[in-house]
DNA sequence: ATTATGACTCCCA
DNA sequence: GTGGGAGCCATAA
């Protein structure tokens, strides 16, 4: 499996991402791209490439994160839960924290989004 | 060395 | 608002 979670020489990138994830308050959510933007991008990498793949690396980091990391508070830029086996459980966890989903199963990022403010 | 794929995002029809 | 394609990194086969 392509655990695409490692930018060139940035195994600690995971730790930074995990730390950012731990910084997400209860009842708030963030996106892969947002966390990637907050994390330190690999030097010399094209911003466009990082924008696109940084988000994937964040996803990869979440894929095998420690148990103390609130991976369920990380969703995609569409405000939806990324297709995954435990997507239903993720939604349940978020709802348990007070995060509201609309009829389309989407989170209102304007209210619950976190990462910059 | 080449091909396929991935917890993504952006752009355009 | 929805849907499909491109982007361009690293890992696995």
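In our numbering, the protein residues as written are 1 to 117.
Every residue gets a Cβ at the ideal spot worked out from N, C-alpha and C, and that includes glycine.
Decide yes or no for the touch test of the segment 69-89 against the segment 26-39: beta carbon pairs closer than 8 Å, at least 3 of them.
The segment 69-89 vs the segment 26-39: in contact.
Give the straight-line distance between the Cα atoms of residue 92 and residue 19, rounded to the nearest whole angstrom.
For the purposes of this step, residue 92 is taken as the residue at position 92 of the first chain. For the purposes of this step, residue 19 is taken as the residue at position 19 of the first chain. Taking the CA atoms as reference points, residue 92 sits about 23 Å from residue 19.
Would DSSP call residue 77 helix, strand or coil?
Within the first chain, the letter at position 77 stands for residue 77. It is coil, neither helix nor strand.
Over what stretch of residues does the alpha helix (DSSP H) that includes residue 45 continue unbroken?
Here the question's residue 45 lines up with position 45 in the first chain. In the DSSP assignment, residue 45 falls outside any alpha helix (DSSP H) and carries neither an H nor an E.
At the level of alpha carbons, what is the spacing between residue 21 and residue 40?
Here residue 21 refers to the residue found at position 21 when the first chain is read from its first residue. Here residue 40 refers to the residue found at position 40 when the first chain is read from its first residue. The alpha-carbon of residue 21 is positioned some 14 Å away from that of residue 40.
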